[in-house]
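Scroll down for the structure; my scribbles are underneath it.
There are 2 protein chains.
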Amino acid sequence: MNLYLDDLKPGDRFTSASHRMEAAEIKAFALQFDPQPFHLDEAAGRQSLFGEVVASGWHTASVAMPRMVDGGLPIAGGIIGTGADLCWRSPVRAGDELHGVCEILEVMPSRSNSNRGSVRIVCSTLNQRGEAVTTAEMRVIVCRRGS
Amino acid sequence: MNLYLDDLKPGDRFTSASHRMEAAEIKAFALQFDPQPFHLDEAAGRQSLFGEVVASGWHTASVAMPRMVDGGLPIAGGIIGTGADLCWRSPVRAGDELHGVCEILEVMPSRSNSNRGSVRIVCSTLNQRGEAVTTAEMRVIVCRRGS
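Chains as they are written, first to last, in our numbering: chain A, 21 to 167; chain B, 21 to 167.
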């Protein structure tokens, strides 16, 4: 992780490694964090709006993060978000292969703190067909070089 | 889970049970979903912008969900979000006791589907001092009674 505010400009793009969503992992996450029947049980999934078992949206959001940390978005000092406007666009099913693409929209030095600033980034999580399953416009704090 | 679109109106409020964030749980989540040093290691936490180990923002977002499912937000058919505009307002540390409060902002029957509609909800996660650690404006699909 080595990019500072000074290194980033609108249009810069970063792509993460991919991750295959396994059925057991979808259920384990849902059991702990989102215990709704359509994330846990085949029959309940068929009867739901989705028509099948799908991953929790919070799982999809969370799964992109370690891939971003691990080189997808190499920000010095780590990825510290202050907010995210998140859209869940398509259901995620077992076997889906997800990866993240982030693009810098805006780079804003802080007016009150010369050591840092913030960037607006749009992060999309794409499946194996290139469909965006989530998009998130994130606001992230980034340090300046030498701070 | 038993409330339909017809049962909801702006101003309705729902409060979830509370959950104590344990140090081991903060590290376990971070290891799997957000492996950044300031979520995992005391020394790295002290050197970070936070000055201590804090929970991943995705962990804080995820931890409110089962409490909402489990009676905090009793929507018939479950909580199916299409989007969330999420702000991380204060760090969450081990020992913090979190609970969620959701308020209905707007109830919108679908124009194209008489069986459902959507609601805009503001969900805050509060700590033991009543400080909002996250706020999220969520858009959720809700079925109509008898659909």
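Where a beta carbon is used, it is the ideal one built from N, C-alpha and C, also for glycine.
Whole-angstrom C-beta distance between residue j and residue i, which should lie under 8 angstroms
i, j, result
"residue 117 of chain B", "residue 38 of chain B", "5 angstroms"
"residue 163 of chain A", "residue 96 of chain A", "6 angstroms"
Residue interval of the alpha helix (DSSP H) (run including residue i)
i, result
"residue 164 of chain A", "Here residue 164 of chain A belongs to no alpha helix (DSSP H), and DSSP marks it neither H nor E."
"residue 125 of chain B", "Counting along the chain, residue 125 of chain B falls outside any alpha helix (DSSP H), though it belongs to the beta strand (DSSP E) covering 117–129."
"residue 34 of chain B", "Unbroken run through residue 34 of chain B is the beta strand (DSSP E), 33–40; no alpha helix (DSSP H)."
"residue 49 of chain A", "43–53"
"residue 56 of chain B", "From DSSP, residue 56 of chain B is part of no alpha helix (DSSP H); its letter is neither H nor E."
"residue 66 of chain B", "62–67"
Best match in the options for proximity to residue i [C-alpha to C-alpha]
i, options, result
"residue 93 of chain A", "A:134, A:165, A:28, A:107", "A:28"
"residue 138 of chain A", "A:129, A:144, A:145, A:146", "A:129"
"residue 69 of chain B", "B:111, B:50, B:102", "B:111"
"residue 100 of chain A", "B:76, B:82, B:102, B:103", "B:76"
"residue 87 of chain A", "A:34, A:152, A:148", "A:34"
"residue 185 of chain A", "A:127, A:24, A:67, A:59", "No answer is possible for residue 185 of chain A: the residues shown for chain A start at 21 and end at 167."
"residue 84 of chain A", "A:144, A:107, A:102", "A:144"
"residue 155 of chain B", "A:120, A:90, A:106, A:142", "A:106"
"residue 22 of chain B", "B:90, B:46, B:66", "B:90"
"residue 150 of chain B", "B:52, B:121, B:62, B:30", "B:121"
Residue interval of the beta strand (DSSP E) (run including residue i)
i, result
"residue 137 of chain B", "136–146"
"residue 104 of chain A", "100–108"
Contacts of residue i in chain A (Cβ-Cβ under 7 angstroms)
i, result
"residue 77 of chain B", "101"
Cα-Cα separation, residue i to residue j
i, j, result
"residue 98 of chain A", "residue 56 of chain B", "7 angstroms"
"residue 64 of chain A", "residue 166 of chain B", "18 angstroms"
"residue 115 of chain B", "residue 133 of chain B", "45 angstroms"
"residue 41 of chain A", "residue 113 of chain A", "7 angstroms"
"residue 109 of chain B", "residue 146 of chain B", "10 angstroms"
"residue 161 of chain B", "residue 123 of chain A", "29 angstroms"
"residue 54 of chain B", "residue 26 of chain B", "39 angstroms"
"residue 136 of chain A", "residue 71 of chain B", "16 angstroms"
"residue 44 of chain B", "residue 74 of chain A", "28 angstroms"
"residue 158 of chain A", "residue 78 of chain B", "13 angstroms"
"residue 126 of chain A", "residue 50 of chain B", "28 angstroms"
"residue 102 of chain A", "residue 82 of chain B", "16 angstroms"
"residue 48 of chain A", "residue 47 of chain B", "17 angstroms"
"residue 153 of chain A", "residue 131 of chain A", "35 angstroms"
"residue 119 of chain B", "residue 67 of chain A", "30 angstroms"
"residue 62 of chain A", "residue 31 of chain B", "35 angstroms"
"residue 141 of chain A", "residue 24 of chain B", "36 angstroms"
"residue 52 of chain B", "residue 52 of chain A", "13 angstroms"
"residue 148 of chain A", "residue 148 of chain B", "43 angstroms"
Residue i: contacting residues in chain A (beta-carbon distance under 9 angstroms)
i, result
"residue 57 of chain B", "98"
7 angstroms Cβ cut-off: residues of chain B touching residue i
i, result
"residue 104 of chain A", "106"
Contacts that residue i makes with chain B (C-beta to C-beta distance below 8 angstroms)
i, result
"residue 161 of chain A", "69"
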